[in-house]
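Student:
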Amino acid sequence: MRKLSIFIILFFCLLTVGAQQVSLQDVANRTYRAEGIRGIKPMLDGEHYTQMSTDGKKIMQYSFKTGKETGTIFDVNTARDCSIKSFDDYIMSPDEKLILIQTDTKPIYRRSFTANYYIFNVKNNKMEPLSENGPQQVPLFSPDGNQIAFVRDNNIYLVKLLFGNSESQVTKDGKFNEVLNGIPDWVYEEEFGFNRAFDFSADSQMLAYIRFDESQVPMYSFPLYKGMVPALEKFSTYPGEYEYKYPMPGIDNSKVTVHTFDIKSKVTRKMDLPLDADGYIPRIKFTDDENALAIMTLNRHQNRFDLYFANPRSTLCKLMVRDEAPQYIKEEAYSNIVFYPKNFVVMSEKDGYNHLYLYTSGGNLVKQLTKGNFEVKDFLGWDEATNTFYFESNEGSPLRTAIYKVDGKGKKTKLSKQEGTHKAIFSNNMKYYINTFSNINTPPVITLNDNNGKELATLVDNNKLKHQVSRLNMPSKELFSFKTNDGVELNGWIMKPANFNPNKKYPVIMHQYSGPGSQEVADKWGIGARRDGGMFEAYMAGQGFIMACVDGRGTGGRGSDFEKCTYLNLGVKESKDQVEAAKYLSTLPYVDGNRIGIWGWSYGGYNTLMSMSEGTPIFKAGVAVAAPTDWRFYDSVYTERFMRTPKENMEGYNAASAINRANKLNGELLLIHGTADDNVHLRNNAEYSEALVQADKQFDMQIYTNRNHGISGGNTTRHLLTRVANFFIDNLK
1 MRKLSIFIIL
11 FFCLLTVGAQ
21 QVSLQDVANR
31 TYRAEGIRGI
41 KPMLDGEHYT
51 QMSTDGKKIM
61 QYSFKTGKET
71 GTIFDVNTAR
81 DCSIKSFDDY
91 IMSPDEKLIL
101 IQTDTKPIYR
111 RSFTANYYIF
121 NVKNNKMEPL
131 SENGPQQVPL
141 FSPDGNQIAF
151 VRDNNIYLVK
161 LLFGNSESQV
171 TKDGKFNEVL
181 NGIPDWVYEE
191 EFGFNRAFDF
201 SADSQMLAYI
211 RFDESQVPMY
221 SFPLYKGMVP
231 ALEKFSTYPG
241 EYEYKYPMPG
251 IDNSKVTVHT
261 FDIKSKVTRK
271 MDLPLDADGY
281 IPRIKFTDDE
291 NALAIMTLNR
301 HQNRFDLYFA
311 NPRSTLCKLM
321 VRDEAPQYIK
331 EEAYSNIVFY
341 PKNFVVMSEK
351 DGYNHLYLYT
361 SGGNLVKQLT
371 KGNFEVKDFL
381 GWDEATNTFY
391 FESNEGSPLR
401 TAIYKVDGKG
411 KKTKLSKQEG
421 THKAIFSNNM
431 KYYINTFSNI
441 NTPPVITLND
451 NNGKELATLV
461 DNNKLKHQVS
471 RLNMPSKELF
481 SFKTNDGVEL
491 NGWIMKPANF
501 NPNKKYPVIM
511 HQYSGPGSQE
521 VADKWGIGAR
531 RDGGMFEAYM
541 AGQGFIMACV
551 DGRGTGGRGS
561 DFEKCTYLNL
571 GVKESKDQVE
581 AAKYLSTLPY
591 VDGNRIGIWG
601 WSYGGYNTLM
611 SMSEGTPIFK
621 AGVAVAAPTD
631 WRFYDSVYTE
641 RFMRTPKENM
651 EGYNAASAIN
661 RANKLNGELL
671 LIHGTADDNV
681 HLRNNAEYSE
691 ALVQADKQFD
701 MQIYTNRNHG
711 ISGGNTTRHL
721 LTRVANFFID
731 NLK
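Residue numbers (the UniProt record's numbering): 1 to 733.
(1) Can you list, in chain order, the stretches of the beta strand (DSSP E) that have 3 or more residues and sit fully within the stretch 385-411?
(2) Look at Tyr353 and Phe339 and say whether their C-beta atoms are less than 8 Å apart.
(3) Please classify Ile84: does DSSP put it in a helix, a strand, or coil?
(4) What are the uninterrupted segments assigned as alpha helix (DSSP H) that are 4 or more residues long and contained completely in the stretch 457-492, given in chain order?
(5) Taking the alpha carbon of Asn451 as the point to measure from, which residue in Gln327, Tyr432, Asn666 and Asn594 has its own alpha carbon closest?
(6) Is Lys330 buried or exposed, if buried means 16 or more other CB atoms sit within 10 Å of its CB?
(7) What's the C-alpha gap between Leu14 and Asn499?
(8) Just verifying my parser: in three-state terms, what is the DSSP assignment at Leu130?
(9) On the CB-based measure, 16 or more other CB atoms within 10 Å of its CB, does Leu10 come out buried or exposed?
(10) Taking the alpha-carbon positions, what's the Asn77 to Lys85 distance?
(11) Among Asn311, Lys505 and Phe480, which residue has its Cα nearest to the Cα of Pro589?
(12) What residue range does the alpha helix (DSSP H) around Ser575 cover?
(13) Based on the DSSP secondary-structure assignment, which residues constitute the bridge partners of residue 734?
(14) I'd like to know whether the C-beta atoms of Asp378 and Glu392 end up nearer to each other than 8 Å.
(15) Which residues does DSSP list as the beta-bridge partners of Trp599?
(16) Should the stretch 85-96 be called in touch with the stretch 140-154, which here means at least 3 C-beta pairs below 8 Å?
(17) Excluding five sequence neighbours on each side, which residues of the same chain lie with their C-beta closer than 7 Å to the C-beta of Arg553?
(18) Can you grab the Cα-Cα spacing for the pair Lys414 / Gly542, in whole Å?
(19) Helix, strand or coil for Gly240 per DSSP?
(20) Specify the secondary structure class of Ser689 as computed by DSSP and reduced to three states.
(21) State the CB to CB distance for the pair Met271 and Ala310, rounded to an integer number of angstroms; the pair is presumed to be in contact (CB under 8 Å).
(22) Within the chosen definition, does the stretch 711-728 reach the stretch 524-544 through at least 3 CB pairs nearer than 8 Å?
(23) Once you ignore the five residues that flank Lys524 on each side, which residues in its own chain have a CB closer than 7 Å to its CB?
(24) Name the DSSP bridge partner or partners of Ile148?
(25) Give the list of continuous beta strand (DSSP E) stretches no shorter than 3 residues that lie fully inside the stretch 287-325.
(26) Can you give me the C-alpha to C-alpha distance between Ile108 and Asp407, rounded to a whole angstrom?
(27) Leaving aside the five residues before and after Phe12 along the sequence, list all residues of the same chain whose C-beta is less than 8 Å from its C-beta, in chain order.
(28) Could you check the C-alpha separation between Thr171 and Ile263 for me, to the nearest Å?
(29) Is the separation between the beta-carbon of Glu47 and that of Ser23 shorter than 8 Å?
(30) Measuring from the CB of Lys576, is there a heavy atom of the ligand MN at a distance below 7 Å?
(31) When DSSP labels each residue in this structure, what does Val267 get in the three-state scheme?
(32) Are there three or more Cβ pairs, one per stretch, closer than 8 Å when the stretch 28-43 is compared with the stretch 459-466?
(33) Thinking C-alpha only, which one of Ser168, Gly164 and Arg152 is nearest Leu158?
(34) Inspect the beta-carbon positions of Glu520 and Asp551 and report whether they are closer than 8 Å.
(35) Taking only the alpha-carbon atoms, compute the straight-line gap between Val138 and Asp288 and give it to the nearest angstrom.
(36) Kindly indicate the opening and closing residues of the beta strand (DSSP E) around Ala424.
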């Protein structure tokens, strides 16, 4: 028996030795990327969907029933008058007779971009430019498919397809850094999560749009250098700068108003909206009734959400739904409202968890569709014929999601079979859905299912990735939970080296994000610092580290009480919980409690600094990437949602400042930032590092020229990952 045991140990040792190591180049290049399906768009008939080819040259049609390819709708090689070699995305017209082909995409901020669009006629296989007068933003077909509106240089334009693609200008007061029509300003785009702020009425006769007057918002600027990849040659002698409007907490935001444009009479009207002078309009959308424009508003504290129906001609606005919270209203309330001919469905946390509510088009509550101590993560659609609602929720465990349906009588059915994480895209007739499943040890598997959950076909199995991963020296992955000294149960994941020896003491590196509503710990493939199944963690495990992550208080998936307990006091409970997590890990027999590191990006970088200066000297080293260091420096919408204004909550701001904790910093620290970060400005790094200097705290710093919040481009990602890895190796090994 003993000889057999020795043989087994030797066998596994040989396997480990023969396994391939993950390199930082692999991590940076995403060599072991999971295959997915890009650009799925369900078609009108409910039986088909379209998808871009991986080379960006074709739009293919597939059957929802079989997953088989049933035709090619567009091909750059065969389309008439086609001058492009590939494309980036596409938009189908409502009747699917025309397609807008997106090319030459140039990013502006996180969600905004300009592009050159072409109109492709499916019937005659012919292409023509949408406009010859310069790149466009956020084009939209009218419901009848005969018009396309878009934005150029902060103004709305209209192209009438039945009149020789004649182009007319709807608004004329748009001006960079002053007035935006139909597109959001920087802070709306970043924090309310959208890039188009106009819509057509159901009868295609009216355009509604939000006008943003940002003239009173203070300007922010940062330097630009020549740099490399890309090289900005115009700054080769003298540096330049980028200027834009960036409102900070307590500072003026854009003044927002809603207007309608009558396409036939060319009359513009301003909606008589009862909005606070400093209120927000995070969405507008026409309902199926051409006389009902849905306008969604928030007060500046973001704890009162109002849904109005505005008459686009009379300008009168009627309040349909009001939702209030002691702390704040989450984005799901206004980003997931779905309108039907006689009803609409909204999400609300009014009972403590995010759930679905059905209203009549007159604003009367019909019923609460879901109920319980779990969160609805996504509303997937309503089959009106059978009165069945489909949704994704985390019932059973905040670490897992599944697809469910509930009928009109409240009978709920779980459609998902495997335990893990599920995402679904339904056909228009709600008969089929494309399901993406993964768990912590299983790369995404994409299947076609009917609306009872039965699998009809497998579209992507990621067997190639599974085979690649099986040959790698991958760490073992486990989910765990523990209780803090305050009696709070927290969830985490841990990755141990492939050749893990329980009798050895390992250094630990903790990665976290920790921001309000975020969730890094889940039973899914996309975990880890790069959300790629743990490839950076695999590299570090190969260097002899245990890698771990814990979601502290304030993170998502566990109801509003858990998530909103950090309200007005960001950074305090979050940092304490990372200290508690480090304490717990140090009790494990195979962990060296004197060699624990922590790191994170953005909010994770902020909480790294807060945790290393919490007052408990448990972290020996840490890395903070693109970290906010004082919430007075960040944007108004995000910060005030959780902290209100500095004038209202000075004590909270002071306690939440990493700069104010600089003199308590314990451990070796590496600060990383990009000089052109439009989100978390380099100022955060500059002011914090100065506080460290004056507190006589030594630290390391890495600055990346002309890089934004993502800090990528050229060799940058590889350089950054190498810098992080070597810093921990030097300080924890």
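Every residue gets a Cβ at the ideal spot worked out from N, C-alpha and C, and that includes glycine.
Tutor: On the basis of the supplied data:
(1) 388-393 and 402-407
(2) no
(3) coil
(4) Counting only runs of 4+ residues, the alpha helix (DSSP H) found wholly inside the stretch 457-492 occupies 463-470, in chain order.
(5) When each option's Cα is compared against that of Asn451, the closest is Tyr432.
(6) buried
(7) The predicted model places Leu14 with a pLDDT of 45, which falls under 50 and marks its position as unreliable; any figure quoted below should be read in that light. Roughly 10 Å between the two C-alpha positions.
(8) coil
(9) At Leu10, the pLDDT of 45 sits below 50, so the modelled position is not reliable; the number obtained from the coordinates is stated separately. Burial call: exposed.
(10) One C-alpha to the other measures close to 8 Å.
(11) Lys505
(12) Residues Val572 to Ser586.
(13) Outside the shown range of the chain (1 to 733) lies residue 734, about which nothing can therefore be said.
(14) yes
(15) His511 and Val623
(16) yes
(17) Val488, Phe562, Cys565, Thr566, Lys573, Glu574 and Asp577
(18) 40 Å
(19) strand
(20) helix
(21) The pair is a contact, with the Cβ atoms about 5 Å apart (cut-off 8 Å).
(22) yes
(23) Non-local C-beta neighbours of Lys524 in its own chain, meaning closer than 7 Å and more than five positions away in sequence, comprise Gly420, Thr421, Ser438, Asn439 and Ile440, ordered along the chain.
(24) Phe141 and Val159
(25) 293-298, 304-310 and 317-324
(26) 43 Å
(27) In this prediction, Phe12 has a pLDDT of 48, which is less than 50 and means its spatial position is unreliable; what the coordinates show is noted afterwards. Cβ neighbours of Phe12 beyond the five flanking positions: none.
(28) Taking the straight line from one Cα to the other gives about 12 Å.
(29) At least 8 Å separates the beta-carbon of Glu47 from that of Ser23.
(30) Inclusion of the ligand MN in the displayed structure is not the case, the ligand content being empty and no account of it being possible.
(31) Note: Val267 maps to coil in three-state DSSP.
(32) yes
(33) Ser168
(34) Yes.
(35) Cα to Cα, the separation comes out at about 21 Å.
(36) Thr421 to Phe426
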